[in-house]
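18 is the number of the first residue of the sequence shown in our numbering; add one for each residue after it.
Heads up, the beta-carbon is just placed ideally off N, CA and C, and yes, glycines get one too.
Note that the coordinates shown come from a computational prediction; the quantities given were computed from them, not determined experimentally.
Below is one structure; the comments refer to it alone.
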Amino acid sequence: MKTVIKVASLFACTLLCYANFSLPVFTSKIAPTSSIAQAQSTEQQLTVALPEVAQIALKDGTTLSGRAIDINPQSITLERSNQSRKIDWETVSSVQFDRDSDTWLTPGRRLVIRGEEGEEEKKPLILDIPANQIQKLDPDIGHFRLDLSFLSRGRIRGILQVASDHLYVVEQIEYNQSQNVFTLQAKPYLSQ
């Protein structure tokens with residue numbers, strides 16, 4: 018009986034091979050490591066908005082104001098009346114953003130900042146961010162992207178949960194040159 022089964026199975030295999038019959042092949046797609054890393058990094062990024070008017074106090078006692086169009090470890094660049102001016106961080110005492118100036122959600126669509134009446138006041142987010150974790154996103158509307166991968170998963174989750182229906186608006190920025198770290202204070206505002 019065993020011989021009959023072996024012969025039958027051998028005959029069936031031979032028949033399949035000569036008949037060009039193919040069995041379906043099941044494969045599983047495994048995402049390349051780079052796309053997994055890219056998805057994880059996107060999940061760890063936060064977009065913040067800069068109000069249109071930045072007030073910069075310089076160490077010599079003078080102040081400057083304008084729209085911040087670039088922020089990097091060497092300088093902050095302000096634009097005013099179609100003129101731009103690069104200010105080295107070593108000359109800057111503080112950078113404050115005017116909450117009453119326009120803040121943009123998207124081109125042509127302003128964020129309306131109202132008092133948080135009837136809603137529990139949201140605490141400002143204060144982050145010490147390594148300089149290489151800040152990426153220019155869209156200077157025309159004053160948006161920057163922060164890579165939060167240096168924070169704990171729980172902290173990232175909490176920040177992004179608030180950001181799901183709020184836009185973090187930067188209130189002030191400081192830069193510590195010796196540590197190459199930006200300290201950002203941003204407050205979430207309902208963005209819908």
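(request) Have a look at the DSSP bridge pairing and note the partners of GLU188. (result) Taking the sequence shown and counting its residues from 1, the one referred to as residue 188 is at position 171. Looking at the DSSP output, GLU188 bridges to nothing.
(request) Let me know if GLY83 comes out buried or exposed under the rule of 16 or more other beta-carbons within 10 Å of its beta-carbon. (result) Along the sequence shown, read from residue 1 onward, the residue named residue 83 stands at position 66. Under a 10 Å Cβ-count criterion, GLY83 is classified as buried, with 16 or more other Cβ atoms of the shown protein chains found around its own Cβ.
(message) Given a cut-off of 8 Å on the beta-carbon distance, is the pair VAL186 and THR120 in contact?
(response) Sequence index remark: in the sequence shown, residue 186 carries index 169 (1-based). Sequence index remark: in the sequence shown, residue 120 carries index 103 (1-based). Result yes, Cβ atoms of VAL186 and THR120 sit closer than 8 Å.
(request) Find the nearest neighbour of ASP87 within the set ASP77, ILE104, VAL198, LEU75, judged by alpha-carbon distance. (result) Start at 1 with the first residue of the sequence shown, and residue 87 comes out as number 70. Proximity to ASP87 across ASP77, ILE104, VAL198, LEU75 peaks at ILE104, based on C-alpha coordinates.
(message) Which of the three DSSP states is assigned to LEU177 in this structure?
(response) Against the sequence shown, residue 177 aligns to sequence position 160. In the structure shown, LEU177 adopts helical secondary structure according to DSSP, grouped into three states.
(message) So, with DSSP's three-state summary, where would you put ASN197?
(response) Along the sequence shown, one-based indexing puts residue 197 at 180. The three-state secondary structure of ASN197, taken from DSSP, is coil.
(request) For GLY159, count neighbouring C-beta atoms within 10 Å of its own C-beta (all shown protein chains included) and say buried if the count is 16 or more, exposed if not. (result) Mapped onto the sequence shown, residue 159 falls at position 142. Classification for GLY159: buried.
(request) Out of THR123, LEU75, ALA148, state which residue places its alpha-carbon closest to the alpha-carbon of PHE167. (result) As a working note, residue 167 is residue 150 in the sequence shown. That would be ALA148, whose Cα lies nearest to the Cα of PHE167.
(message) Tell me the rounded alpha-carbon separation between GLU69 and ASP115.
(response) Locating residue 69 in the sequence shown gives position 52, where the first residue counts as 1. Locating residue 115 in the sequence shown gives position 98, where the first residue counts as 1. Using only the alpha carbons, I get a separation of about 8 Å.
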